[in-house]
Each structure stands twice: as C-alpha cells, then as structure tokens.
Amino acid sequence: MKRRDFLTAATSSFFLPVMLDGYGAKAFSPTSPFMRALAEVAEATDRILVVVQLSGGNDGINTTPPLDQLEVYLRNNFRPGVAIPENRILRLNGQNTVGLHPAMTAMQRMYNEGQLSIIQGVSYPQPNLSHFRANDIWFTASDSNRFETTGWLGRYLDDRFPRYPAAFPTAQMPDPLAIQIGAIPTTTLLGDNTSMAVVFQDPDAFARLVGDKPNVPDTATTPGYAGDRIKFIRQQQVTSVAYAGQIRTAAGKGRNQATYPTNNGLANQLRIVARLIHGGLQTKVYYVTIGGFDTHAAQTDANDPTTGAHANLLRNVSEGIAAFQNDLKMLGVDDKVVGMTFSEFGRTAVANGTRGTDHASAAVQFVFGKHLKGGLIGRSPNLSDLVNNNQLRMQFDFRQIYSTMLRDWFATPTSDANALLFKEFGTLPIFSDIVTGFDEPLFNTKNLRMYPNPTSATLVIENDALANSAGAVRIVDLAGREVLRQELTSGQRKVQMDVQQLPAGNYIVQVQAGQKSFSGQVSVMH
Amino acid sequence: MSLLAPVTRPLDATQAAHLLRRATFGPNAAQIRQFTGMSAANAVALLLADLPVPAHPPHPNGGGEWHGNPFSQMDEGPRTNSLKGWWTGLMASNEAPNVREKMVLFWQNHFVSTFQVVNDARFMYLQNQVMRRHALGNFRQFVIDITKDAAMLIYLNGNGNVAGRPNQNYARELQELFTIGRGNYTEDDVQAAARVLTGWRVSGYRNETSGAINVTFNAAQHDTGNKQFSASYQNRVIQGRRDANAGDTELAELVDMILAQPEAARFICRKLYRWFINFDITAQIEQEFIRPLADQFRQNQFNIKGVLETMFRSQHFYDAAVRGAIIRSPMELVIGTLRAFNQTPPEVTNVAPFFQYTNYVWQRSRELQMDLMDQPTVFGWRPYYDTGFYEIWISSTTLALRNSFSDQMVTGNFRVGSNRLGIDSIAAAQAAADPTDAEKLVDHFDNLLLAVDLTKAQKDFLIDTIMVNNLPRYEWTNEWNEFTRNPNNNTRRMSVKMKLDSLLTYILRLAEYQMC
Numbered sequence: 004m005k006r007r008d009f010l011t012a013a014t015s016s017f018f019l020p021v022m023l024d025g026y027g028a029k030a031f032s033p034t035s036p037f038m039r040a041l042a043e044v045a046e047a048t049d050r051i052l053v054v055v056q057l058s059g060g061n062d063g064i065n066t067t068p069p070l071d072q073l074e075v076y077l078r079n080n081f082r083p084g085v086a087i088p089e090n091r092i093l094r095l096n097g098q099n100t101v102g103l104h105p106a107m108t109a110m111q112r113m114y115n116e117g118q119l120s121i122i123q124g125v126s127y128p129q130p131n132l133s134h135f136r137a138n139d140i141w142f143t144a145s146d147s148n149r150f151e152t153t154g155w156l157g158r159y160l161d162d163r164f165p166r167y168p169a170a171f172p173t174a175q176m177p178d179p180l181a182i183q184i185g186a187i188p189t190t191t192l193l194g195d196n197t198s199m200a201v202v203f204q205d206p207d208a209f210a211r212l213v214g215d216k217p218n219v220p221d222t223a224t225t226p227g228y229a230g231d232r233i234k235f236i237r238q239q240q241v242t243s244v245a246y247a248g249q250i251r252t253a254a255g256k257g258r259n260q261a262t263y264p265t266n267n268g269l270a271n272q273l274r275i276v277a278r279l280i281h282g283g284l285q286t287k288v289y290y291v292t293i294g295g296f297d298t299h300a301a302q303t304d305a306n307d308p309t310t311g312a313h314a315n316l317l318r319n320v321s322e323g324i325a326a327f328q329n330d331l332k333m334l335g336v337d338d339k340v341v342g343m344t345f346s347e348f349g350r351t352a353v354a355n356g357t358r359g360t361d362h363a364s365a366a367v368q369f370v371f372g373k374h375l376k377g378g379l380i381g382r383s384p385n386l387s388d389l390v391n392n393n394q395l396r397m398q399f400d401f402r403q404i405y406s407t408m409l410r411d412w413f414a415t416p417t418s419d420a421n422a423l424l425f426k427e428f429g430t431l432p433i434f435s436d437i438v439t440g441f442d443e444p445l446f447n448t449k450n451l452r453m454y455p456n457p458t459s460a461t462l463v464i465e466n467d468a469l470a471n472s473a474g475a476v477r478i479v480d481l482a483g484r485e486v487l488r489q490e491l492t493s494g495q496r497k498v499q500m501d502v503q504q505l506p507a508g509n510y511i512v513q514v515q516a517g518q519k520s521f522s523g524q525v526s527v528m529h
Numbered sequence: 113m114s115l116l117a118p119v120t121r122p123l124d125a126t127q128a129a130h131l132l133r134r135a136t137f138g139p140n141a142a143q144i145r146q147f148t149g150m151s152a153a154n155a156v157a158l159l160l161a162d163l164p165v166p167a168h169p170p171h172p173n174g175g176g177e178w179h180g181n182p183f184s185q186m187d188e189g190p191r192t193n194s195l196k197g198w199w200t201g202l203m204a205s206n207e208a209p210n211v212r213e214k215m216v217l218f219w220q221n222h223f224v225s226t227f228q229v230v231n232d233a234r235f236m237y238l239q240n241q242v243m244r245r246h247a248l249g250n251f252r253q254f255v256i257d258i259t260k261d262a263a264m265l266i267y268l269n270g271n272g273n274v275a276g277r278p279n280q281n282y283a284r285e286l287q288e289l290f291t292i293g294r295g296n297y298t299e300d301d302v303q304a305a306a307r308v309l310t311g312w313r314v315s316g317y318r319n320e321t322s323g324a325i326n327v328t329f330n331a332a333q334h335d336t337g338n339k340q341f342s343a344s345y346q347n348r349v350i351q352g353r354r355d356a357n358a359g360d361t362e363l364a365e366l367v368d369m370i371l372a373q374p375e376a377a378r379f380i381c382r383k384l385y386r387w388f389i390n391f392d393i394t395a396q397i398e399q400e401f402i403r404p405l406a407d408q409f410r411q412n413q414f415n416i417k418g419v420l421e422t423m424f425r426s427q428h429f430y431d432a433a434v435r436g437a438i439i440r441s442p443m444e445l446v447i448g449t450l451r452a453f454n455q456t457p458p459e460v461t462n463v464a465p466f467f468q469y470t471n472y473v474w475q476r477s478r479e480l481q482m483d484l485m486d487q488p489t490v491f492g493w494r495p496y497y498d499t500g501f502y503e504i505w506i507s508s509t510t511l512a513l514r515n516s517f518s519d520q521m522v523t524g525n526f527r528v529g530s531n532r533l534g535i536d537s538i539a540a541a542q543a544a545a546d547p548t549d550a551e552k553l554v555d556h557f558d559n560l561l562l563a564v565d566l567t568k569a570q571k572d573f574l575i576d577t578i579m580v581n582n583l584p585r586y587e588w589t590n591e592w593n594e595f596t597r598n599p600n601n602n603t604r605r606m607s608v609k610m611k612l613d614s615l616l617t618y619i620l621r622l623a624e625y626q627m628c
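Protein chains in written order, with the numbering used here: chain A, 4 to 529; chain B, 113 to 628.
The following block contains the structure:
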C-alpha cells in the first residue's frame, strides 16, 4: 500500500480495516448462542455505565461507620486513633444503623436526594486477600477458585458487539465501545481477543497524538509469539486511528457545566467522562481509577481520626462523584448514566498498631445515579460477629451487583447475564421501578410473539400466559421512562399497543404476567 | 532436560543480537559484530562479569553528594531526580555490555519499594545499593537483607510491626510476592510470619537534623511466643525467642523454612523467565526448563549468577519461537533506541547535561507507564504478572506516545547541553557493512533494531517507496556514492539524510520495533 492510501484510509470516518492485511482476515469464532439475542435487545439501550475503581482495598467500616454498634466501634482496643468519633459521623436521612465518614458531605447530600445506594458487606465465598488475586476476581467475576482471562464488562461488550475490533467502527456504532481514562488497560474490559476499551488520559491530546502519522504496510504473518504480538500492536494502531476523530469531535462538542473540585484526580477523570457523554459519544462503559486505599499505616492523622490519608481519599471520591452527578444533571444527560464503585476488598475490623488496617473481606460499595431506589441495601456490618478473628461477614456477592447492572441497567436477558457471569446471581433492588421488571422466571421467548418489528402503528404481543395472569405490558424509552402501558385483560392472550404517537426510535418492551416477565426491543419507524 | 542444554555452536549475528537485546538494554552495531562468532559461554561470561560499584549519585545542582545528609523536604525533589537520573545513566551507558543494571531493575520490580510511599530519597538509594550488591549474588542473603532494609521497612510497614498488634503487610508480600507465591501458604502463615518479623525498627527516617539511618532490632517489641506454621510448611514451629539476636535468628529460620520449599526456587525462576525469555510457561517449559533450573538454583545455595548463566546459554533461550515474544518495556524501548544509535549519556560528572539527558529518558518512560522506582503497587509493573502480560504496555495512548518518541529521536530536536539528542542517520548508515546497497542497508537495520525479520514485502516498501521513491534501486547507490565523494556538500548530505530519516521513522514505527 502507498503511504497516501494509508492516510486516506486512516482519516476516512468509516475506516476499513480490511485494507490492512492481517486485520480484515482475522478470523472470529461464530457468534455465541446468546449473542444474537443479546445484540437485539441490548442494542436498544443507550445507557452508560461508569465504573469507579477504588484501588488498594477500601476501609468500608470507616467509610460508613456503624451507628448501631458504637460501643464496639469506639471501644479503646478496637480502632484506637482510627475510629470516627460519634459526633463527627455524618447522618443519613431515615437511617440510624450506618452513617458516613465526615469527609463525605457531598455524598451525604446525594444519599438524601436518592441518588446514592449503599450496599453493605459485598464480597464472595472464600475471599482472597492478595491485592492481585482479589482484583482479578473482581475484574473477571470468577469464583475464588477459578481463573478467567476475560473481564466481565469485556465479555459483555464482546457479545453485544460481535466482531470487535475487526469490523468496527460501524455506522451504528461509530464510537469506542468503552473508554478508560488512564494509560494501562484494565482486565475488567478485556474481551476474548483484545481490550474493548480505548485508553487515554486526555481526549484532546489523544487525537493529536494518534493523528496522521506514517505507517508501514502490514503484510507480515509471522507465526507464534512474535506474530501474536505484532497482530496485537497493529490492531491497537488501527483502533486508535479509527476512533481518534470521533473522540476529538465529541471532546470538541462536549462541555462541562458544573464546578469540579480541584486537586482531585478522580474528579478530573470524571470531568472528561461527562464532557465526552455530553459531546455525544455512544460509548457504553467508562472506567476511571483512584488508588491509595491500601491503608496499612497512618490512615488517620495522629491527633485527629477524621483527617488524614483515608479522609482525603474519601473526600476525593465523594466530591468527585457528586460534581459528576451534578454535571450530568445540568447537561441533561443524567437519565442515561449510572455509576458504581468497587474495591478489591475491605479492611480488618480491628486496627493494627500503626493507625492502619490490614486486608480483610466484605466491604461497602456504592451505586450512584438518577434512577436509583437509593437507600441502604443490607445491614450495618456486625462488628461482634467477625470471621477469621477480624473480618466482616459477607452479605452480598459482588456479582449480584454486576448481574443487576447487566439485567436491570443494560436490559440484558437473564439467561445471557447468567452466562456472562458464569452462573445465576439474581439482582439487588438498586434501580427504581421504571427500569426493573426482569424477574424470574422468564417467558420462553420462543412462545412469546411480538410483531411487527419494526412497527409504525401497532405492536402485538402474544402469549398464553397473558390470558390468565395479572400484569401489564409497558413500553419504556431508552432513558427508562415509561411511555405506554396496558394492563392485561383476563382471557386475552394478545395485547395490542398503539405506537403511532411515539417518536421514531428504539424502545424496550417489558411484559409482566404474574410471576413471569419478559423484555425485548422494538423499533418504531414512521 | 533438553531445553536447558547449552548451545555449542558459535553465535550467529541474529543470536548475538538476541542475547544482547534480552540480557542488556540493547546493543549497538559494533557490539553485535563483537559478539557474533563468539561461543555462548564466552559471550555470557562477558555479560555476567563483575562491575565496580558506581560512584554515589551527584546532586543535580552542583554535583555534590547528598546521600549522607539529613533529610530535607525542600531538597527531596532534586534528590529524587538525582537518584532516578543516576540509575538511568547506569542503564543507558554502554561501554561494555553487561547484565547488571537490567538485573537491578528486575529486583527493584521484584522487591518493590517506591518514592511515592517511602518519601525519602536517601532510603531509596540505600535500597538501590542493596539490590546492586545482591543482583547477581545470593538470593537467601538478599531476602534477609531486603527484609531489614530501611526503605522496605517503611514501604511495607515492617517498622510498625510490634508484638500484640502485628502489621501483616510485609509478612504477606514476603510470601506472596518475594519468595514462594500465592497458593503455597495460608492466612495463618501470614499471621505467624508477621509475628516472627515483629520488633524491627528504623531510625533516621525523614530526620532533618541527622544523616544517620539505622535499622535495629528491639527485643522488647518482639513477639516471644512460638510461631506455628501450617502444613504448607510441614507444620513447622519457629520457636519464640527473647534475646537481642532473636530477630535475626527467627528471620533466618523463616527464610530458610520458605526457601526449603521447592516451590520457592521455581517461583523465582519463573519470574526470571518472564523477564528475560517469554511470558508463556507451558507444561513443557515448566517441566523441562523451570524445574531443572530451580533444582540447580537450590543446589547452588541460591546463587543467582549461576541461574542466569544456564539460562543465557540454553538452547531454548535462542529458540526462534521466543525471539520477539517480549514487548519492550518503556525503559527498554527508550534506552534501547538511544544505545542502538550510540546516544549514550554525558559523563555523570558533567552534571547539567547528564541530568538533562537522564531526565528526558525516565520521563519518557514514565509517560509510557513505567515510572522508575514508582510502581503503581507492590506487585510491580503489571506486564510482568497480569493477564495479557507484555501487551499491557500497549494501549491506544502509549502506542501513540511510543511512536511520537521515536519520531522525536529521528527529528532530534531535543537538546542536551549543546548537543542534539537524537539519531544521526548518516552515522547509523555508515555503521553498516555496505551502505551503498539499499537492500543490505535495510537488512542491517533489521538486525540492529528488530527482533523479528521483516517480510520481503515490507522491505520492498521501505526501499522502493521510502528510500528511492519508486525509482530504480541503484539510484540510492548513486546518491550515497555522490555523498561520500563530497561529504561537505550540504545538498548531497541532505539528500541522503532525508531518505535515511524517513526510512528510520518508518522502521521505528513498526509494530516489530516494539518487540525484543
């Protein structure tokens, strides 16, 4: 290939990877059984998930001090110099079992406004206390004794967008599937073949950087290890060039409206995310990281347990996330965004001798966004019922949160979510009603008919179960708002919905009939 | 055993280049020629030769020594630059190829401590000396010394580990990361080891009035009880002691107990394998390479040099299948590029340009996500242990930055003192055996710069499109000859220089250039 041809190819908006030998020819395995179904349903949603990694193992106990067990928590030999004094613990509306760390006033407001869910005691059976292994378990959603090499969101995106990256960008999905603000790709977004994320620290610099630099034709088909590395690097080159223009455009169009805290690395990252979302990127997953939670020593100041390293970290998390949420609201895009935190483990209930805490299982995690039920999920951790001397008991498996994200947020059919997470985990009551309704057992989708699709006037939903159960059929827009609803009528196995008044676009159809539910996608065209 | 068997035939040019790329931060053309035709035994002996202890790092402002001074918050930034730059200079200087600095880097990424956490450059320098002292020495003594190292006692909180309120941080990483690896000990062993290690104290940390730094054992803070280990260690009990030597005695017993497990030597050999050869430890590699190498390691009382010698002489090391299997780390890429084109650092005594040079190098490496002595976690840099391994070095951003670094080297617009830092492409061509022949010239750069051979189509593109712009290839010969006849004619010079610059820009942007 001539250099000019390469540059032309690289700068055209629908870059054809087939023009570079080695990519176009790359063989992808046939789509997995659930992939097609998944693509049909999930394509319908333009929802965005923001993952905030708190790296190092966050001390959940000081993050949400247990108001109902202050006599244990404040006991002299429990967390001397580390425990937050009673009068400094932030109170939450309608909540007398846990409070918040005093550095988290911003998140206190979010909680009181229903934009924050607090999930207690998140862990998994046989927790591992190695940073590396525990992270890997969280990244891949594997059992403690199993090893997986792909990330849970990597698998999700891989199945939702088959043949990435070879066949991408496409007209329908011109943007990166996932964006990680940072430099080193996370395992969470690792798919079967490659990372599903484009990784950068600064969208403006990124576009300039990958710009229009020369390259050499890729005719090599070196076998073995070297060949694999070559293929991988070239793919990265192609992907970066292919997406640089879209990212530049979105970064140019996007604006921030809210004021973000300064000297806050997490806030800086989230500010970029808000700007890219506002700029119109259809990217489904954003991933940001804040490190420093491995507080073995001096997690509090010597003379004040409410200040110090951990307080600074929690302030950054709280103020960063609150500014982000506020920004999304001012930009009018908060309908389609939800965020979650995770940290590889918690810390010992009893402090060590250096005003610090060591690795331990089960800790608190947060979900934030507009469409939440809010409140506390689970109980205040029992400080008098520790396992292995010094660790909290697990209340929820972290994969219940993942499962909830996949099913209730990304509208992934239950069976597919289960496959992505290797087994059934059910969901937690995180989201408000308008986006839930995927409870077991499912209809057999083969027997449930929904036609015509696409449709311009009416949509018919047909199944025997509709005739003899109470329930409703609802059509929900991509922001999760219910736009049409029809109650089931006894004896009628067919429900007819009039969609003429709905704006053209994709919608989610949710059917609830007694204990059974179904969700699917419909396109309305006029 | 066949994989460990030594090669017997003399090294050819490809093997010589491979050995130098892996065992050092990369060769120049003269060194490849020097090593070609040598026996592997002689070549490896040269690489493993002992080197003198380097002079202390000079202060970037004025050049004086600072390591014995009291701590100074104001001076901490310059001292950090001094140490990072000084070590970078040792890696980049290239008079005689030697494995030492690459091994010191290996160990610094094994026994991680960071500036970020330790926050006292004097401590970091002391630790760097420990690592250089033991880099090719005895692993058992290395583990003992690093356990009592001042920076490590701060980094993993050994300094706060006292009887009654143990801090488990070091005890866990000692087993998980430093000696035996996950799955070979229990949580109870972490707790027992933490108790063995109670009582070590650092003095002089961030002390602004005295330069003295000491590590001592305080028997009063030592847990004198017996320490019961699990079946992973044959239910061994380390007897609690209360004398002044209790710390040393119990530490030695702990290290010996761990190293007595066959898994410990294997764990280190695997890590060396991933540093020098390839990430993929198949069942065959485990059986026929790691296991016998680990056996040798134990039989030689954990002598590190012996392991390296066997590795670098083995047939497997030269197997074409592992050539190009590693993606160069940022330090390997940046320093390797400079060394390949003889852009070695100014004398360390020439303080200002020396630190301009070395700062440039480690800052490039830092933006490529390899910050010297500042790993993101105690695990070290992810590409040496995590899923995906070396590919983790490459993201959309880092790849673009790697390319922009090599572009910068060709353009050469960064100045060090009064000199340009960058590639003199004419000198680079003159180092080839026959620069008049375009094909031989491209082959020369191929062997100097790339771990894998380019295909004919790639070479044709580089010659026909880049060098001669679709004219007949003898046009290059003519141009080069015109230039050598009139070396002072600027037009002639620029004419070949532009073609060579463009050729090198393309070669250094190849995916193949990222590998070694």
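Every residue gets a Cβ at the ideal spot worked out from N, C-alpha and C, and that includes glycine.
As the structure is a prediction and not an experimental result, all values here were calculated from the model.
Does residue i have its Cβ less than 8 angstroms from a Cβ in chain A?
i: residue 133 of chain B; result: no
i: residue 124 of chain B; result: no
i: residue 583 of chain B; result: no
i: residue 550 of chain B; result: no
i: residue 575 of chain B; result: no
i: residue 390 of chain B; result: yes
i: residue 498 of chain B; result: yes
Can you find a CB in chain B that lies within less than 8 angstroms of the CB of residue i?
i: residue 135 of chain A; result: yes
i: residue 548 of chain A; result: Missing from the structure shown is residue 548 of chain A; chain A here goes from 4 to 529 and no further.
i: residue 193 of chain A; result: yes
i: residue 186 of chain A; result: yes
i: residue 289 of chain A; result: no
i: residue 425 of chain A; result: no
i: residue 243 of chain A; result: yes
i: residue 60 of chain A; result: no
Quick check on the DSSP output: the beta strand (DSSP E) that includes residue i runs from which residue to which?
i: residue 122 of chain A; result: 119-126
i: residue 312 of chain B; result: 312-315
i: residue 497 of chain A; result: 497-501
i: residue 502 of chain B; result: It is not in any beta strand (DSSP E) - residue 502 of chain B carries neither H nor E in the DSSP assignment.
In terms of residue numbering, what span does the alpha helix (DSSP H) encompassing residue i cover?
i: residue 332 of chain A; result: 312-334
i: residue 472 of chain B; result: 463-479
i: residue 93 of chain A; result: Run containing residue 93 of chain A: none in the alpha helix (DSSP H); it sits in the beta strand (DSSP E), 93-95.
i: residue 202 of chain B; result: 188-204
i: residue 340 of chain A; result: Looking at the DSSP string, residue 340 of chain A is not in any alpha helix (DSSP H); the run it does join, the beta strand (DSSP E), is 340-345.
Which partner residues of residue i appear in the DSSP bridge assignment?
i: residue 558 of chain B; result: DSSP, once it has assigned bridges, lists no residue as partnering residue 558 of chain B.
i: residue 551 of chain B; result: Answer by DSSP bridge pairing: none, since residue 551 of chain B is not bridged.
i: residue 509 of chain A; result: A:526
Taking a contact to mean a Cβ-Cβ separation below 8 angstroms, would you say residue i touches residue j in this structure?
i: residue 291 of chain B; j: residue 376 of chain B; result: yes
i: residue 124 of chain A; j: residue 365 of chain A; result: yes
i: residue 102 of chain A; j: residue 93 of chain A; result: yes
i: residue 471 of chain B; j: residue 193 of chain B; result: yes
i: residue 110 of chain A; j: residue 380 of chain A; result: no
i: residue 174 of chain A; j: residue 436 of chain B; result: no
i: residue 117 of chain A; j: residue 377 of chain A; result: yes
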